[in-house]
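Remarks on the structure that follows.
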């Protein structure tokens, strides 16, 4: 049985994400930061039921969001990148994979990536000013997590959700980093992949403020005894990260923290 076009596109995107199967060393690639400025921005590619968005920042950090039309559930990864005059190298901190593509600009708003015989065409759809500074948000998260964990019981099963953000990549980055911080401090965190299952079954979006009862109901479905709602909002000097921990049995707030970033 042949593979459909949509199926081929899925495996192409998958290869784009995990093709770090090579032995390429990210640190060995000589980075010319002059070229970062021409990559900086938001680039989108759509086709075969798949939407892929790459967000590049000037500091060599970016996010990739891949969404399948059949599920409408985004998958987000954070990457580092280095550039030369004709090649760009990506490194995924999560799976430690590195891969390298050739590139060219067809015009100011069309970016072409070339990997072997495969060609990926991306169109500029925005700038990168809304992508948060990863170092700044991590420091804020560390402070907030230190405050919050003092009120959490070690035997708790904790689930994490994010809300009040217009950028899904930022939200996934924040919740992922918070999960790592809590795991490293000995807490049990419910697998966030369960949230994808709930989205498919319940068809909900966490695009605005989530009230306590709604958050508690999500936590119960995930089998958590505590659910942490993470929100960040504002811009410039008014940006703030807030964490609230709710007991899913009593719906009471058992911990809270707030940090500027």
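Residue numbers (our numbering): -12 to 248.
Ideal Cβ placement from N, Cα and C applies to all residues, glycine included.
Since the model is a prediction, treat every value here as computed from it, not as a measurement.
{"Check": "What is the DSSP secondary structure of residue 226, counted as helix, strand or coil?", "Outcome": "coil"}
{"Check": "Do you know offhand how far residue 241's Cα is from residue 185's?", "Outcome": "24 Å"}
{"Check": "Counting only runs that start and end within the segment 48 to 129, where is the alpha helix (DSSP H) found for 4 or more residues in a row?", "Outcome": "none"}
{"Check": "Is DSSP giving residue 140 helix, strand or coil here?", "Outcome": "coil"}
{"Check": "Which residue comes first and which comes last in the beta strand (DSSP E) that contains residue 38?", "Outcome": "37 to 43"}
{"Check": "Is DSSP giving residue 16 helix, strand or coil here?", "Outcome": "coil"}
{"Check": "With three or more C-beta pairs closer than 8 Å as the rule, is the segment 87 to 97 touching the segment 33 to 46?", "Outcome": "no"}
{"Check": "Would you kindly report the start and end of the unbroken beta strand (DSSP E) that includes residue 248?", "Outcome": "Residue 248 -> no beta strand (DSSP E), and no H or E assigned at all."}
{"Check": "Are the CB atoms of residue 232 and residue 135 within a distance shorter than 9 Å?", "Outcome": "yes"}
{"Check": "Answer with buried or exposed for residue 177, where buried requires no fewer than 16 other C-beta atoms within 10 angstroms of its C-beta.", "Outcome": "buried"}
{"Check": "Taking Cβ positions, are residue 67 and residue 47 nearer each other than 9 Å?", "Outcome": "yes"}
{"Check": "Taking the straight line between their C-alpha atoms, what separation do you get for residue 214 and residue 201?", "Outcome": "11 Å"}
{"Check": "Please return the same chain residues whose Cβ sits closer than 6 Å to the Cβ of residue 249, not counting the five positions on each side in sequence.", "Outcome": "Residue 249 is absent from the structure shown; the chain starts at -12 and stops at 248."}
{"Check": "Quick one: residues in its chain with C-beta nearer than 6 Å to the C-beta of residue 229, no 5 flanking neighbours on either side, listed in chain order?", "Outcome": "218 and 245"}
{"Check": "Quick one: what does DSSP say residue 174 is sitting in, helix, strand or coil?", "Outcome": "coil"}
{"Check": "Determine the extent of the beta strand (DSSP E) in which residue 32 is found, giving its start and end residues.", "Outcome": "28 to 34"}
{"Check": "When the distance is taken between beta carbons, is residue 147 closer than 9 Å to residue 179?", "Outcome": "yes"}
{"Check": "Helix, strand or coil for residue 242? Go by DSSP, reduced to three states.", "Outcome": "strand"}
{"Check": "Express the C-alpha separation of residue 124 and residue 220 in angstroms, rounding to a whole number.", "Outcome": "12 Å"}
{"Check": "Start and end of the beta strand (DSSP E) containing residue 212?", "Outcome": "Element bounds for residue 212: n/a, residue is neither H nor E."}
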